[in-house]
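These notes concern the structure reproduced below.
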Amino acid sequence: MRVHSRNILVRLLYVSRAVGPQTTTVTTSILAQAHAHNPSQAITGVLCQGQGFFIQVIEGERSRVNALYGRICADNRHKDVEMLHYEEIHERRFGQWSMALVHLSVDDPMVKLQHPDFDPYSASGLQVMQQMLNLLESGQPIRMPVA
Ligand SMILES: Cc1cc2nc3c(=O)[nH]c(=O)nc-3n(C[C@H](O)[C@H](O)[C@H](O)COP(=O)(O)O)c2cc1C
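Those letters in the sequence shown? Residues 0 to 146, per numbering that gives the first Met the number 0, in order.
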């Protein structure tokens with residue numbers, strides 16, 4: 000069973016609310032875990048944080064992405080984890096990064112677009128995905144290359 004699922008790549012997008020302030024310490028420890036685990040699991044993606052939200056795209060083999068998502072859902076540093084999009088893919092979009100980080104500030108186009116009612120929970124998953132790509136291209140992401 001695992002042998003077959005190895006061939007299937009998926010991309011998952013979720014949003015969550017940070018529990019407590021989004022300090023550098025919290026972000027650093029999340030990224031350290033991502034950097035420690037993701038390369039060996041061939042997981043790639045981008046984590047966007049700010050305005051009390053986490054928005055993350057995770058790409059990789061289906062069983063590995065699902066397992067990581069299960070761990071992430073159980074993480075008490077955030078709550079209200081809600082999957083916005085899940086699809087089978089042929090190619091990665093964030094393949095260069097074991098987990099890139101982008102900061103979502105109030106000045107970002109992603110926020111401005113929907114300001115003052117910016118709410119990823121009510122946005123279309125595909126739109127949020129596109130906005131993540133835009134942020135990554137236009138912003139100043141901290142990129143963690145795949146080791
Ligand atoms: C917003 C958010 C994003 C996360 N992203 C990842 C990730 O990409 N990869 C990862 O391994 N852990 C990630 N984590 C951490 C996991 O939830 C979990 O704590 C970790 O995988 C367990 O690592 P450990 O076995 O070293 O304790 C994330 C946590 C949060 C809150």
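Cβ coordinates follow ideal geometry from the N, Cα and C atoms, glycine included.
Every value quoted in this text rests on a predicted model; they were computed, and no experiment measured them.
A check of alpha carbon separations from residue 68 across 137, 135, 131 and 9 identifies 9 as the nearest. The beta-bridge partner set that DSSP reports for residue 55 consists of 13 and 46. Within the DSSP secondary-structure output, residue 101 pairs in a beta bridge with 47. Here DSSP, grouped into helix, strand and coil, assigns residue 136 to helix. Excluding its 5 nearest sequence neighbours in each direction, residue 88 has C-beta neighbours in its own chain below 8 Å: 8, 9, 10 and 58, listed in chain order. The residue from 136, 119 and 28 with its alpha-carbon nearest to that of residue 12 is 119. With fewer than 16 other Cβ atoms inside 10 Å of its own Cβ, residue 6 counts as exposed.
Residue 125 sits exposed, since fewer than 16 C-beta atoms from the chains shown fall within 10 Å of its C-beta. In its chain, beyond the 5 residues on either side, 15 and 16 have a beta carbon closer than 7 Å to the beta carbon of residue 79. Not one heavy atom of ligand 1 is found less than 6 Å from the C-beta of residue 54.
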